[in-house]
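Data block below; observations after.
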Amino acid sequence: MGAKLRQILVLFLVGAVFGPLGDAFHVISGTNDYPQGVFGLYLWRQPWWVPLVFGSAALAIGLSHPQLDHWLHAPAQRRGSGSILTVIYGVAAFLVVYAMTAFVPLPTGGWLDITIATAALFVWFDLDRTWQGLVLAAMTAGVGTAVEITMVHQGYFSYLPPKNNFYGVPSWLPWLYVSASVGVGNLGRFLSRSSHLSH
Numbered sequence: 001m002g003a004k005l006r007q008i009l010v011l012f013l014v015g016a017v018f019g020p021l022g023d024a025f026h027v028i029s030g031t032n033d034y035p036q037g038v039f040g041l042y043l044w045r046q047p048w049w050v051p052l053v054f055g056s057a058a059l060a061i062g063l064s065h066p067q068l069d070h071w072l073h074a075p076a077q078r079r080g081s082g083s084i085l086t087v088i089y090g091v092a093a094f095l096v097v098y099a100m101t102a103f104v105p106l107p108t109g110g111w112l113d114i115t116i117a118t119a120a121l122f123v124w125f126d127l128d129r130t131w132q133g134l135v136l137a138a139m140t141a142g143v144g145t146a147v148e149i150t151m152v153h154q155g156y157f158s159y160l161p162p163k164n165n166f167y168g169v170p171s172w173l174p175w176l177y178v179s180a181s182v183g184v185g186n187l188g189r190f191l192s193r194s195s196h197l198s199h
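First residue of the sequence shown? That's 1 in this note's numbering, and the numbers climb one at a time after it.
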């Protein structure tokens, strides 16, 4: 198997496994839900396509960030991309922030947003610390939030009140994408560097 194909498969599988896990936190906590009986096959309460969406999102982040690093003249290696252990830590940190959005009993649009923003910025500070990383996190947050707003308005899923306070999605959602940008971006950097070293 070629190095690039391995990179693509790992990114997709990480997204397809851990993304639905985070999303399950939201379903369990009543943060979001899917219309039942509409999409045919469901895995627990999530439609069959949920792993595909998360796998594709991980591909988009993990493949774009190393390339954008090059264009932004960013360091190829971050604090969180130096070893497999720091990469695992970054993905785990993203899942912790995901769980916080589901289970921390604070109001959306207030203290929960502040808490999630603080956690996401801590993930960036601990595992990235570059201005380029902040730019990529902001881009990821903007695109990811826009995609979710579109999906909600198309009826694919919904955030439940009172979490749906920002065009149908939670106002803390961009901060969740900030932590995804750091964790999955560093996975992409690690895999990209590993594939270059194998050539």
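All C-beta atoms, glycine included, are put in the ideal place defined by N, C-alpha and C.
Nothing here was measured: the structure is a model prediction, and the numbers come from that model.
A residue is called buried once 16 or more other Cβ atoms fall within 10 Å of its Cβ, and I84, having fewer, is exposed. Residue environment analysis places W131 among the exposed positions, since fewer than 16 neighbouring C-beta atoms fall within 10 angstroms of its C-beta.
As summarised for the region 65–142, there are no continuous beta strand (DSSP E) elements at least 3 residues long confined to that stretch. Look at P174 here: in three-state DSSP terms it is helix. Cβ atoms of P75 and P51 stay farther apart than 8 Å, at about 32 Å.
Judged by DSSP in its simplified three-state form, F39 adopts coil rather than helix or strand.
Remark: C-beta atoms of L127 and G80 approach each other more closely than 8 Å. For a cut-off of 8 Å, the C-beta gap from V17 to F94 is around 13 Å, too long to register as a contact.
Under DSSP, N32 shares a beta bridge with Y159. A distance below 8 Å separates the beta carbons of I116 and M100. Residue W49 holds the alpha-carbon nearest to the alpha-carbon of G15 among Y42, L134, W49, P174. Under the three-state reduction of DSSP output, Q7 falls in the helix class. Cβ atoms of L59 and I8 come within 8 Å of each other, at about 7 Å. Looking from the CA of V169, the closest CA among L13, G155, T86 belongs to G155.
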